[in-house]
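Working notes, structure below.
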Amino acid sequence: MNSVSAILLQSVPVQNVLGENALWHPLLQRFYWVDIEAGRMHWLSADLCQVHQLALPERIGSFGVLNVAADAPFQFVLALASGFALYHPHTGALRWLARPERHIRGNRFNDGRTDRQGRFWAGSMVEIQFQTSQCGALYQLNRQGQAVRHLRQLQISNGLCWSLDGRRMYHADSPRHQIWQYEFCTAQATLSQPRLFANFAENASPDGATVDAEDHVWTALWGTSTVVRLNPQGQVDLTLTLPVSQPSSVAIGGEHGDLLFITTSRLGLNARQLAEQPAAGDLFIYQLSRPLAVPESVCHLEPDWLAEPVCQDMPVL
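Numbering (full-length UniProt numbering), first residue to last: 1 to 317.
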């Protein structure tokens with residue numbers, strides 16, 4: 001298969017502080033993302049021109065789409081700064097499920113995604129280091145709404161995605177400048193056999209990622225102005241250069257499955273840097289040379305999802 005090409009179609013001047021969690025909504029067929037620092041969820045109109053937004057009760061790291069009817073009391077599962085919650089964007093209804101790191105001062109939840117079997121995962125990050133032993137972790141929200149810990153000793157959990165068959169999980173701890181691959185048990189949601197998938201330069205921090213219809217991994221490389229596509233062996237197949245230094249997450253969608261959406265950030269840039277890259281924080285949309293979208297998985301929860309959750313631990317790697 002020849003390598004894919006991508007041409008910038010348009011940029012949307014949203015000026016997010018920290019745009020993240022790019023996601024093509026599989027049920028509503030429209031593009032969603034968040035601004036973590038502003039605590040807002042955004043989405044685009046069908047013509048990709050008009051931006052809608054709503055404020056959330058906390059800063060938000062990531063979210064997933066619930067597999068529910070249109071009249072259900074909740075439509076999304078959120079990884080807010082302090083934990084997991086159910087949410088309805090129109091009524092504002094919110095129901096906390098689990099807050100497993102609420103006691104850790106300086107941590108917040110970050111990147112998340114729903115696996116191929118409909119389980120929502122999200123990891124935490126050390127935002128402010130108060131203790132030398134402080135670290136983040138990766139959690140899976142099981143069907144009863146319980147937070148199950150799988151990885152620990154993380155600094156910034158990021159880049160979560162799964163292979164097409166769901167048997168390999170990709171994950172990055174951004175400050176390590178690496179993406180790791182795990183064998184993933186689809187029945188038990190357990191991880192094994194970690195191995196290095198891709199290694200990047202010291203200035204390149206892998207951020208949000210997704211897997212396309214040819215089982216290639218796309219990831220935003222924070223700090224490098226680039227988004228790369230990696231083949232299943234971890235080799236770079238395509239490099240896109242953006243006019244901003246901090247691309248943050250990627251998604252593939254659109255009516256024909258051939259649009260690449262890239263969120264970016266203004267976080268931490270000084271006045272000179274902002275003057276040099278005035279589009280920092282904007283959304284970029286690329287036209288791909290062929291359809292590569294994979295339908296985003298929706299999150300399944302049991303009927304007793306509103307029961308008071310208990311945070312559990314799994315054997316961790």
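Glycine included, C-beta positions come from ideal geometry on N, C-alpha and C.
Being a predicted model, the structure only gives us computed values, none of them experimental.
{"Check": "Please name the residue in N270, Y286, L288, Q287 whose C-alpha comes closest to that of A280.", "Outcome": "N270"}
{"Check": "Is the beta carbon of V211 less than 9 Å from the beta carbon of L240?", "Outcome": "no"}
{"Check": "Between the Cα of G64 and those of R105, A22, P57, spot the shortest distance and give me the residue it belongs to.", "Outcome": "A22"}
{"Check": "Please determine, among F109, D35, P57, S11, the residue with the shortest C-alpha to C-alpha distance to G136.", "Outcome": "F109"}
{"Check": "Which residues in the same chain have their Cβ closer than 6 Å to the Cβ of E37, if we skip the five residues on either side of it in sequence?", "Outcome": "V17, L18"}
{"Check": "Taking only heavy atoms of the ligand MN into account, decide whether any of them is closer than 8 Å to the Cβ of D47.", "Outcome": "The ligand MN is not part of the structure shown, which contains no ligands of any sort."}
{"Check": "Would you check if the region 130-146 and the region 103-120 touch, i.e. whether three or more CB-CB distances between them fall below 8 Å?", "Outcome": "yes"}
{"Check": "Under 9 Å, do R40 and L56 count as touching if we go by C-beta distance?", "Outcome": "yes"}
{"Check": "If G223 and A204 are in contact, beta carbons under 8 Å, what's the gap, nearest whole angstrom?", "Outcome": "6 Å"}
{"Check": "Taking only the alpha-carbon atoms, compute the straight-line gap between L54 and I60 and give it to the nearest angstrom.", "Outcome": "12 Å"}
{"Check": "With A204 as the anchor, note down where its beta strand (DSSP E) starts and where it stops.", "Outcome": "It is not in any beta strand (DSSP E) - A204 carries neither H nor E in the DSSP assignment."}
{"Check": "Leaving out the 5 sequence neighbours to the left and right, which residues in its chain are closer than 6 Å to P247 when beta-carbon positions are compared?", "Outcome": "A220, V227, I262, T264"}
{"Check": "Check S192 in the structure and name its three-state DSSP category.", "Outcome": "strand"}
{"Check": "Any idea what DSSP makes of P175, helix, strand or coil?", "Outcome": "helix"}
{"Check": "If I'm right that N107 touches V126 with Cβ under 8 Å, what's the distance once you round it to whole angstroms?", "Outcome": "6 Å"}
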